[in-house]
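Only one structure is covered here, and it is reproduced in the block below.
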Amino acid sequence: MNQLTNIILATIIISLISLVGVAFLSVRKKFLKNWMNLLVSFAAGAILATVFLNLAPESFKLLGNFNFVLMGIVLFFILEAGIHWHHHHEEECEDCLHPVVFLTLIGDAFHNFLDGVLIAASFLINVGVGISTTIAIGLHEIPQEIGDFAILVNGGLKRSKALLFNFLSALFALVGGIVGFFFLNRIQGLLPYVVSLAAGGLLYIATTDVLPNLHEERNYKRIISQILAFIFGILAIAFILRIFPE
Numbered sequence: 185m186n187q188l189t190n191i192i193l194a195t196i197i198i199s200l201i202s203l204v205g206v207a208f209l210s211v212r213k214k215f216l217k218n219w220m221n222l223l224v225s226f227a228a229g230a231i232l233a234t235v236f237l238n239l240a241p242e243s244f245k246l247l248g249n250f251n252f253v254l255m256g257i258v259l260f261f262i263l264e265a266g267i268h269w270h271h272h273h274e275e276e277c278e279d280c281l282h283p284v285v286f287l288t289l290i291g292d293a294f295h296n297f298l299d300g301v302l303i304a305a306s307f308l309i310n311v312g313v314g315i316s317t318t319i320a321i322g323l324h325e326i327p328q329e330i331g332d333f334a335i336l337v338n339g340g341l342k343r344s345k346a347l348l349f350n351f352l353s354a355l356f357a358l359v360g361g362i363v364g365f366f367f368l369n370r371i372q373g374l375l376p377y378v379v380s381l382a383a384g385g386l387l388y389i390a391t392t393d394v395l396p397n398l399h400e401e402r403n404y405k406r407i408i409s410q411i412l413a414f415i416f417g418i419l420a421i422a423f424i425l426r427i428f429p430e
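Numbering (our numbering), first residue to last: 185 to 430.
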């Protein structure tokens, strides 16, 4: 398959993750929490492996420094502070439910568009980089999409409408992938910088949004399970990169 086909398929898969919320409507809260902790642990390992075994080395090889990786961390910090501030306040703001829904959809559409651009940049390097980046982004999206679905429902939307609007917002990943492909193909010199920003962004996500949540667990058996899931996430990405070398 050519690069554009790979990008379209990858971003469609990312978009379909938005439908995962409906799969958990009838799942018991305790079971969902335990399963989600393992998924988050696996995601943390996969994201860090994608950064350090893949994107960061590519960034250094293309630019000779990690300056734009650092800029990626700063960029994602600003995005999270400026666009997703409402995720931390929805429980405190009972009188602004509908604005929360609106902001969630707008913020996620922009976030998904950026994900699509990052996926496009990764596939333009090679298939292995593209697949590992897609997996890392996808694993991060699953718990986020479940949370977004809950916010939309709590914000007053019916479940069917919440699912529809969340999916439409997620389709911006496909738009970002296509735009990224044609834009980065036209201006090849930007590709190393986008890859570096992707590395910084994923590193920020792993170290601020994902890993801190794992420290809340106090049951030693679950801690061991999380550690194993974390290691398995690293090994999974390493295996993928071995199958799809440059």
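Just so you know, even glycine gets a beta-carbon here, dropped at the ideal spot from N, CA and C.
Comparing C-alpha positions only, which one of the options sits nearest to residue i?
i: residue 325; options: 305, 230, 427; result: 230
i: residue 223; options: 425, 423, 418; result: 418
i: residue 392; options: 258, 420, 366, 248; result: 258
i: residue 421; options: 254, 384, 248, 228; result: 228
i: residue 321; options: 346, 232, 353, 264; result: 232
i: residue 374; options: 403, 345, 219, 246; result: 246
i: residue 386; options: 370, 263, 401; result: 263
i: residue 319; options: 413, 187, 234; result: 234
i: residue 204; options: 190, 220, 191, 411; result: 220
i: residue 399; options: 389, 332, 411; result: 411
i: residue 294; options: 395, 405, 355; result: 355
i: residue 343; options: 265, 285, 372; result: 285
i: residue 395; options: 249, 226, 236; result: 226
i: residue 265; options: 297, 389, 236, 186; result: 389
i: residue 413; options: 186, 372, 323; result: 323
i: residue 200; options: 248, 371, 372, 348; result: 348
Which first and last residues belong to the alpha helix (DSSP H) in which residue i is found?
i: residue 410; result: 404 to 427
i: residue 187; result: 187 to 200
i: residue 247; result: 240 to 247
i: residue 345; result: 343 to 354
i: residue 170; result: It is not possible to answer for residue 170, since the shown part of the chain is limited to 185 through 430.
Could you name the residues of the same chain whose beta carbon sits closer than 8 Å to that of residue i, not counting the 5 residues immediately before and after it, in chain order?
i: residue 278; result: Low per-residue confidence applies at residue 278: pLDDT is 48, beneath 50, and the placement is therefore not dependable, though the value from the model is reported in the following sentence. Nothing meets the Cβ criterion.
i: residue 415; result: 229
i: residue 384; result: 252, 253, 254, 255, 256, 257, 258, 259, 260
i: residue 407; result: 401
i: residue 275; result: At residue 275 the pLDDT is 48, less than 50, meaning the model places this residue with poor confidence; the figure from the coordinates comes in the next sentence. Around residue 275: no qualifying Cβ.
i: residue 248; result: none
Round the Cβ separation of residue i and residue j to the nearest angstrom and send it over; I've been treating them as touching at under 8 Å.
i: residue 353; j: residue 289; result: 5 Å
i: residue 296; j: residue 357; result: 4 Å
i: residue 244; j: residue 250; result: 6 Å
Leaving out five residues on either side along the sequence, give the residues of the same chain with a beta carbon under 7 Å from the beta carbon of residue i.
i: residue 309; result: 242, 379
i: residue 337; result: 343, 346
i: residue 409; result: 222
i: residue 405; result: none
i: residue 368; result: 304, 305, 308, 374, 375, 378
i: residue 372; result: none
Using a Cβ-Cβ cutoff of less than 6 Å, which residues in the same chain neighbour residue i once the five nearest sequence positions on both sides are dropped?
i: residue 306; result: 313, 314, 317
i: residue 365; result: 188, 191, 304
If we count Cβ pairs, one from each stretch, closer than 8 Å, do we get three or more for the segment 186 to 198 versus the segment 342 to 361? yes
Three or more beta-carbon pairs under 8 Å between the segment 366 to 383 and the segment 290 to 304, yes or no? yes
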